[in-house]
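One structure is given here, and the rest of the page talks about it.
Residue numbers (full-length UniProt numbering): 1 to 519.
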């Protein structure tokens, strides 16, 4: 998510990204400094989209009749409900589900990130933990968000549970971001190591989450509708926390309850694009050669109800409400900002420059060159829902603080031994952009954060860059970025640690929130 808080207006945009430029600081009703307001906006937004509250908004159970209502559909429960789940937010979802369903829940299996229970306990988030003697078996795996042997054991246990169901049973599937790595079950003769190596190579060369999941589905027993097929003829209800731009259910966690629409030619096109087709292991070539264009068949998914219960769009709407409560005029710039992190950073930097000029000198419009650059960057980033004109008009006409919000998913190409961290890298790059651009009398603070509380394989959840300190960072940040070691120069950009939460934009390229603030 990106949020921009300004003395007059404020801009924000991203998977939870705030961007805040402003005039000399004016005292808002809250009395908080801009950096505090940005952090408050981020944390309050994340709090509103925690797994438990979202699940309770989607499900309701009549204890007297045993009737479970999911949106506008109803299901009769009589101790015939089973649960499986996979993803970074699934532990909290499962805890809320078990509390709601009570004795109707017969058995459950979930696959969650390694160390997440200990992290929840350290963070004091007891409501996100299963109770002692729970009927849900928990597997931890996918260290560093990569499929491993522990995640494979979890996937096989999930498959075994699904395959044992009958037409009288109901399977509740809980899915969130990170679910794909937590549900690895390669089609023989492909091994987990071969599939993992291919995924790493694709990610390192800049493949986006849609491309990664297309390959994963083609090589998986459970993805691309495979789990739905395994559970047939039981009724399947999937509750999904979306971490993918646009909320396509066939992409989230590689669509285990959605029939795949991709074929082998799509896979080969992706592999050719990233120069990996010639180096494929023989086992992968074997599986691709014998795969049908639609391996799991749409007819096997007629027994499935897929429901999005949380998304970036919903998170941005909450951020907009919170910003307005603080006294800002808030505009959602886009819920689908994605692309190379360098281009995303340039877009934010130029937007802050144009907005800053309008704030400093009311009535000022972007030059023809600036306008063209903004539109070219927007076209490069493929932003179908971009509200750029509305955002700039809001800034130009504001008589008070303005907040621009956006969500999305920047892509980082790893180099060398660096761990990366999309939020931290984006904050660093935006800070550098702001340090090189004329911002007039506007100070800008940019905060970039992931709704899951973790920025890739690092301990930080988000990063913050301040334009006023960027100029002196010089070569230090440049060397770090070249190696994808997104730790900020001292005193300029700060990594901010958070506890684990939901995942509404954090996938193969982590969806990230960004915040910018001005005084």
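We put the beta carbon where it would ideally sit given N, CA and C, even for glycine. Since the structure is predicted, the reported quantities are computational estimates derived from the model, not experimental observations.
Quick one: grab the DSSP three-state call for residue 208. In the chain shown, the residue the question calls residue 208 occupies position 208. Residue state, collapsed to three classes: coil.
Any idea if residue 367 is buried or exposed, counting beta-carbon neighbours within 10 angstroms, 16 or more meaning buried? The residue given as residue 367 occupies position 367 in the chain shown. Per the 10 Å Cβ criterion, exposed.
Given residue 214, which residues of its chain have a CB within under 7 Å of its CB, disregarding the five upstream and five downstream residues? The residue given as residue 214 occupies position 214 in the chain shown. Spatial neighbours of residue 214 in its own chain (CB-CB distance under 7 Å, excluding positions within 5 residues in sequence) are listed in chain order as 262, 266, 267, 270.
According to DSSP, is residue 364 part of a helix, a strand, or is it coil? The sequence position of residue 364 within the chain shown is 364, counting from 1. Under the three-state reduction of DSSP, residue 364 is assigned to coil, being neither helix nor strand.
Residue 198 vs residue 284 beta-carbon contact at 9 Å: Here residue 198 corresponds to residue number 198 of the chain shown, with the count starting at 1. Here residue 284 corresponds to residue number 284 of the chain shown, with the count starting at 1. Between residue 198 and residue 284, the C-beta gap is smaller than 9 Å, which places the two residues in contact.
What does the alpha-carbon distance come out to for the pair residue 208 and residue 146? Here residue 208 corresponds to residue number 208 of the chain shown, with the count starting at 1. Here residue 146 corresponds to residue number 146 of the chain shown, with the count starting at 1. A straight-line Cα-Cα distance of about 15 Å links residue 208 and residue 146.
Is there contact here, the stretch 127 to 136 with the stretch 96 to 110, by at least three beta-carbon pairs under 8 Å? With a cut-off of 8 Å on Cβ pairs, the stretch 127 to 136 is in contact with the stretch 96 to 110, counting three or more such pairs.
Determine the closest residue to residue 280 out of 338, 194, 354, with distance taken between C-alpha atoms. By 1-based counting over the chain shown, the position of residue 280 is 280. Answer by Cα proximity: 194.
Best match in 150, 125, 82 for proximity to residue 161 [C-alpha to C-alpha]: Residue 161 sits at position 161 when you count from the first residue of the chain shown. Ranked by Cα distance from residue 161, the first of 150, 125, 82 is 82.
9 Å Cβ cutoff met for residue 288 and residue 219: Translated into positions along the chain shown, residue 288 becomes position 288. Translated into positions along the chain shown, residue 219 becomes position 219. At the C-beta level, residue 288 and residue 219 come within 9 Å of one another.
By DSSP, does residue 404 sit in helix, in strand, or in coil? For the purposes of this step, residue 404 is taken as the residue at position 404 of the chain shown. In this structure, residue 404 counts as strand in the three-state DSSP scheme.
Residues that DSSP places opposite residue 242 in a beta bridge: Indexing the chain shown from 1 puts residue 242 at position 242. Beta-bridge analysis with DSSP links residue 242 to no other residue.
Under 9 Å between the Cβ atoms of residue 233 and residue 167? As a position in the chain shown, residue 233 is number 233, starting the count at 1. As a position in the chain shown, residue 167 is number 167, starting the count at 1. The answer is yes: Cβ separation under 9 Å.
Exposure label - residue 1; buried when at least 16 CB within 10 Å: Taking the chain shown and counting its residues from 1, one reaches residue 1 at position 1. Under the 10 Å beta carbon count, residue 1 is surrounded by 16 or more other beta carbons and is classified as buried.
Locate the beta strand (DSSP E) running through residue 271, then write down its first and last residues. Residue 271 sits at position 271 when you count from the first residue of the chain shown. It is not in any beta strand (DSSP E) - residue 271 instead sits in the alpha helix (DSSP H) that spans 264 to 273.
Enumerate, from N- to C-terminal direction, the unbroken beta strand (DSSP E) stretches of 3 or more residues contained entirely within the stretch 46 to 126. Fully enclosed beta strand (DSSP E) runs of 3 or longer: 59 to 62, 67 to 70, 73 to 76, 81 to 86, 105 to 113.
Going by DSSP in three states, residue 286 sits in which element: helix, strand or coil? To locate residue 286, count along the chain shown from 1; it is residue 286. Of the three classes helix, strand and coil, the one that applies to residue 286 here is helix, per DSSP.
Given this structure, state the Cα-to-Cα distance separating residue 431 from residue 36, to the nearest angstrom. Here residue 431 refers to the residue found at position 431 of the chain shown. Here residue 36 refers to the residue found at position 36 of the chain shown. Using only the alpha carbons, I get a separation of about 18 Å.
Decide if the stretch 302 to 319 is in contact with the stretch 339 to 350; the criterion is three or more beta carbon pairs, one per stretch, under 8 Å apart. In this structure the stretch 302 to 319 does not lie against the stretch 339 to 350, because fewer than three pairs of beta carbons, one per stretch, are closer than 8 Å.
Mind checking which residues open and close the beta strand (DSSP E) that includes residue 306? Walking along the chain shown from the start, residue 306 turns up at place 306. From DSSP, the beta strand (DSSP E) with residue 306 extends over 304 to 310.
Delimiting residues of the beta strand (DSSP E) encompassing residue 252: The residue given as residue 252 occupies position 252 in the chain shown. Careful: residue 252 lies outside any beta strand (DSSP E) and carries neither H nor E.
Nearest-angstrom Cα separation, counted from residue 67 out to residue 103: Taking the first residue of the chain shown as 1, we reach residue 103 at position 103. Taking the first residue of the chain shown as 1, we reach residue 67 at position 67. As the crow flies, the alpha-carbon of residue 103 is around 13 Å from that of residue 67.
Can at least three beta-carbon pairs, one atom from the stretch 123 to 130 and one from the stretch 64 to 79, be found at a separation below 8 Å? Note that the stretch 123 to 130 does not touch the stretch 64 to 79; fewer than 3 beta-carbon pairs, one per stretch, sit closer than 8 Å.
By alpha-carbon positions, which one of 52, 383, 247, 364 ends up nearest to residue 394? To locate residue 394, count along the chain shown from 1; it is residue 394. When only C-alpha atoms are compared, the closest one is 364.
Return helix, strand or coil for residue 218, following the three-state DSSP convention. Here residue 218 corresponds to residue number 218 of the chain shown, with the count starting at 1. In the structure shown, residue 218 sits in a helix (DSSP, three-state: H, G or I).
Do you know offhand how far residue 312's Cα is from residue 291's? For the purposes of this step, residue 312 is taken as the residue at position 312 of the chain shown. For the purposes of this step, residue 291 is taken as the residue at position 291 of the chain shown. Annotation: residue 312 to residue 291 spans about 34 Å, alpha carbon to alpha carbon.
In or out: residue 247 buried (at least 16 other Cβ within 10 Å) or exposed? Walking along the chain shown from the start, residue 247 turns up at place 247. Buried, since its Cβ has 16 or more Cβ neighbours within 10 Å.
Residue 411 bridges to which residues according to DSSP? For the purposes of this step, residue 411 is taken as the residue at position 411 of the chain shown. Beta-bridge pairing links residue 411 to 340.
So the beta strand (DSSP E) residue 171 belongs to, where does it begin and stop? One-based indexing of the chain shown puts residue 171 at position 171. The continuous beta strand (DSSP E) containing residue 171 extends over residues 170 to 175.
What would DSSP say about residue 276, mapped onto helix, strand or coil? For the purposes of this step, residue 276 is taken as the residue at position 276 of the chain shown. In the three-state reduction of the DSSP assignment, residue 276 falls in the coil class.
What residue from 64, 236, 89 has the CA that sits closest to residue 130's CA? Here residue 130 refers to the residue found at position 130 of the chain shown. From the listed residues 64, 236, 89, the smallest Cα separation to residue 130 is found for 89.
Assuming residue 442 contacts residue 356 under a Cβ cut-off of 8 Å, what Cβ separation, rounded to an integer in Å, is found between them? Counted from its first residue, the chain shown places residue 442 at position 442. Counted from its first residue, the chain shown places residue 356 at position 356. Residue 442 to residue 356, Cβ: 4 Å. Contact.
Short of 6 Å in beta carbon distance, which residues of its chain neighbour residue 338, apart from the five on each side in sequence? Order them along the chain. Position 338 of the chain shown, counted from the first residue, corresponds to residue 338. Beyond the five residues adjoining it in sequence on each side, residue 338 comes within less than 6 Å, by CB distance, of 245, 408, 409 in the same chain, given in chain order.
Between which two residues does the alpha helix (DSSP H) containing residue 522 stretch? Coverage of the chain is limited to positions 1 through 519, which leaves residue 522 absent and any answer about it impossible.
Does residue 1 come out as helix, strand or coil in the three-state DSSP assignment? Stepping through the chain shown from its first residue, residue 1 is reached at position 1. Per DSSP, reduced to three states, the secondary structure at residue 1 is coil, with no helix or strand assignment.
Which term fits residue 272, buried or exposed, when burial requires 16 or more other beta carbons within 10 angstroms of its beta carbon? Indexing the chain shown from 1 puts residue 272 at position 272. Under this definition residue 272 is an exposed residue.
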